[in-house]
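J.: Once you've had a glance at the structure underneath, I'll fire off some questions.
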Amino acid sequence: MRESGIDTSPAALAGESLPANVASSARPRSTAPRSSLSLGCLGVALALLLWEVVARVGLVPATEVPPATTVLRELVRQLTQPAFWDAIAATLAQWAIGMGLTTAIAVPIGLLMGSLEPVWRAFRPTVEFLRPVPGMALVPLAILLWGLRPTSVVFLIVFGSVWSLIVTTMYGARNVDEGARDTARSFRLTRIERTLWVVLPSALPYVATGLRVASATALIIAVGAELVIGVNGIGYDIARAQTAGAVAPMYALILTSGLIGVAIHLAFSRLERRFLRWHQSQRREVTP
Numbered sequence: 001m002r003e004s005g006i007d008t009s010p011a012a013l014a015g016e017s018l019p020a021n022v023a024s025s026a027r028p029r030s031t032a033p034r035s036s037l038s039l040g041c042l043g044v045a046l047a048l049l050l051w052e053v054v055a056r057v058g059l060v061p062a063t064e065v066p067p068a069t070t071v072l073r074e075l076v077r078q079l080t081q082p083a084f085w086d087a088i089a090a091t092l093a094q095w096a097i098g099m100g101l102t103t104a105i106a107v108p109i110g111l112l113m114g115s116l117e118p119v120w121r122a123f124r125p126t127v128e129f130l131r132p133v134p135g136m137a138l139v140p141l142a143i144l145l146w147g148l149r150p151t152s153v154v155f156l157i158v159f160g161s162v163w164s165l166i167v168t169t170m171y172g173a174r175n176v177d178e179g180a181r182d183t184a185r186s187f188r189l190t191r192i193e194r195t196l197w198v199v200l201p202s203a204l205p206y207v208a209t210g211l212r213v214a215s216a217t218a219l220i221i222a223v224g225a226e227l228v229i230g231v232n233g234i235g236y237d238i239a240r241a242q243t244a245g246a247v248a249p250m251y252a253l254i255l256t257s258g259l260i261g262v263a264i265h266l267a268f269s270r271l272e273r274r275f276l277r278w279h280q281s282q283r284r285e286v287t288p
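Per the UniProt record's numbering, residue 1 is the first one in the sequence shown, and the count goes up by one each step.
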């Protein structure tokens, strides 16, 4: 089955329709994660080297883009400053609250839309209409409603992140195997029981993917909203550094937000591998 460009056929998910030796060879070996990590580190090193060279040879003014080594030294210095950690804590707190509300809102709505055809037909156009609207576009509304407070940031995070999670959950709920549905009906399970024991487990991989996407979006909006609204956090410190002409600290904070994003992505990926080990999408290798 293919919905919204997602191939969810058994062969695409796990290769189980292929002979064991073919499926095994098509999958990454145990050395693949190490190789990917090595290549990723190499890419980061090359990017930093390019940054250093461009700044040192004067292709860009050092007053606007300082060398990478200067920014990294500033980042190390920032690690010793309590205010630096306070800003990170504030940003992560707003991010966590926003992600919690996003999950609590999006997963039930997505399951409902994916399980009930009338609800799907009624609300899908609204979801598809609101999904492309940038969360930052509602900054004026957030300020009018809640002022220059963290509540405004949380509202923007939820609005900007909720739609992608609704959509992925919705498609996961619609992609339940018909055999599993028929089996649930034959056991005369209620609609709630079918949702809990059949639909939700089948949709979990889609929910996990949606959470990873939403978590990145939420961090982007959190930092951007802090920068624009002036709420305490990494974004606010970036704005203050830019206003004061402290270029190296500004880039160090920008680099920090990127590192936090990578850490969040790795954390969600690890949790997904741990709790969805039973799912075909998490099987690295088919044993003959």
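Ideal Cβ placement from N, Cα and C applies to all residues, glycine included.
How should Asn21 be labelled, buried or exposed, when 16 other C-beta atoms within 10 angstroms of its C-beta is the threshold for buried?
T.: Looking up residue 21 in the sequence shown gives position 21. With a pLDDT of 42 at Asn21, under the threshold of 50, the modelled position of that residue is not reliable, and the figure given next carries that caveat. Exposed, because fewer than 16 other Cβ atoms sit within 10 Å of the Cβ of Asn21.
J.: If distances are taken between C-alpha atoms only, which option among Leu144, Thr102, Gly110, Gln94 comes closest to Phe123?
T.: Residue 123 sits at position 123 when you count from the first residue of the sequence shown. Comparing Cα-Cα distances from Phe123 to each of Leu144, Thr102, Gly110, Gln94, the minimum goes to Gly110.
J.: Using the C-alpha atoms, what's the distance from Trp163 back to Leu130?
T.: In the sequence shown, residue 130 corresponds to position 130, counting from 1. In the sequence shown, residue 163 corresponds to position 163, counting from 1. In a straight line, the C-alpha of Leu130 is about 7 Å away from that of Trp163.
J.: If I measure Cβ to Cβ from Val199 and keep anything under 8 Å in the same chain, skipping five residues before and after, which residues do I get?
T.: Taking the first residue of the sequence shown as position 1, residue 199 is located at position 199. If we look at Val199 and ignore the five residues flanking it on each side, its Cβ neighbours are Leu111, Gly114, Ser115, Ala173, Val176.
J.: Of the residues Ala218, Gln78, Leu259, which one's Cα is nearest the Cα of Ala96?
T.: If you number the sequence shown from 1, residue 96 lands on position 96. With distances taken between Cα atoms, Ala96 lies closest to Ala218.
J.: Could you tell me which of Ile234, Val223, Val247, Ala216 sits nearest to Thr102, measuring between CA atoms?
T.: Along the sequence shown, read from residue 1 onward, the residue named residue 102 stands at position 102. Selected option, being the one with the closest Cα: Ala216.
J.: Ordered along the chain, which non-local residues of its own chain (more than five positions away) have a Cβ less than 6 Å from that of Ser269?
T.: Position 269 of the sequence shown, counting from 1, holds the residue named residue 269. Correct list: empty, nothing qualifies.
J.: Between the region 76-86 and the region 132-150, do three or more beta carbon pairs fall short of 8 Å?
T.: Verdict: no, contact absent.
J.: Whole angstroms is fine: what's the gap from Arg277's alpha carbon to Thr209's?
T.: Within the sequence shown, residue 277 is the residue found at index 277, counting from 1. Within the sequence shown, residue 209 is the residue found at index 209, counting from 1. One C-alpha to the other measures close to 14 Å.
J.: Helix, strand or coil: which one does DSSP assign to Leu75?
T.: Position 75 of the sequence shown, counting from 1, holds the residue named residue 75. DSSP places Leu75 in helix when its eight states are reduced to three.
J.: Does the separation of the CB atoms of Ala214 and Ser152 fall below 7 Å?
T.: Position 214 of the sequence shown, counted from the start, is the residue given in the question as residue 214. Position 152 of the sequence shown, counted from the start, is the residue given in the question as residue 152. No, Cβ-Cβ distance for Ala214 and Ser152 is not below 7 Å.
J.: Using a Cβ-Cβ cutoff of less than 7 Å, which residues in the same chain neighbour Thr69 once the five nearest sequence positions on both sides are dropped?
T.: Locating residue 69 in the sequence shown gives position 69, where the first residue counts as 1. Correct list, in chain order: Glu52.
J.: Starting from the Cα of Phe245, find the closest Cα among Thr63, Val54, Val76 and give me that residue.
T.: Here residue 245 is taken as the residue at index 245 of the sequence shown, counted from 1. Before going further, note that residue 245 is Gly rather than Phe in the sequence given. The residue with the shortest Cα to Cα distance from Gly245 is Thr63.
J.: Over the uninterrupted alpha helix (DSSP H) stretch that includes Arg240, give me the two end residues.
T.: Indexing the sequence shown from 1 puts residue 240 at position 240. Its alpha helix (DSSP H) spans residues 234-244.
J.: Compare the C-alpha of Pro108 against each of Gly230, Ile238, Leu204, Ser257 and name the closest.
T.: Taking the first residue of the sequence shown as 1, we reach residue 108 at position 108. When only C-alpha atoms are compared, the closest one is Leu204.
J.: Please state whether DSSP places Pro132 in a helix, a strand or coil.
T.: In the sequence shown, counting from the first residue as 1, residue 132 sits at position 132. If DSSP states are grouped into helix, strand and coil, Pro132 belongs with coil.
J.: Quick one: is Pro28 buried, meaning 16 or more other Cβ sit within 10 Å of its Cβ, or exposed?
T.: For the purposes of this step, residue 28 is taken as residue 28 along the sequence shown, with counting starting at 1. Note that Pro28 scores 46 on pLDDT, short of 50, meaning its location in the model is unreliable and no value can be drawn from it.
J.: Under a three-way DSSP split, which group does Pro140 fall into?
T.: Along the sequence shown, one-based indexing puts residue 140 at 140. Helix.
J.: Can you grab the Cα-Cα spacing for the pair Arg121 / Arg149, in whole Å?
T.: On the sequence shown, position 121 is the one that residue 121 refers to. On the sequence shown, position 149 is the one that residue 149 refers to. Rounded to whole angstroms, Arg121 to Arg149 spans 37 Å at the Cα level.
J.: Of the residues Leu37, Trp146, Phe155, Val127, which one's Cα is nearest the Cα of Met136?
T.: Sequence index remark: in the sequence shown, residue 136 carries index 136 (1-based). Comparing Cα-Cα distances from Met136 to each of Leu37, Trp146, Phe155, Val127, the minimum goes to Phe155.
J.: Beta-carbon of Glu226 versus every beta-carbon of chain D: anything under 7 Å?
T.: Among the chains in the structure shown there is no chain D, since it carries only a single protein chain.
J.: DSSP on Glu117, reduced to helix/strand/coil?
T.: Taking the first residue of the sequence shown as position 1, residue 117 is located at position 117. The answer is helix: DSSP assigns Glu117 an H, G or I state.
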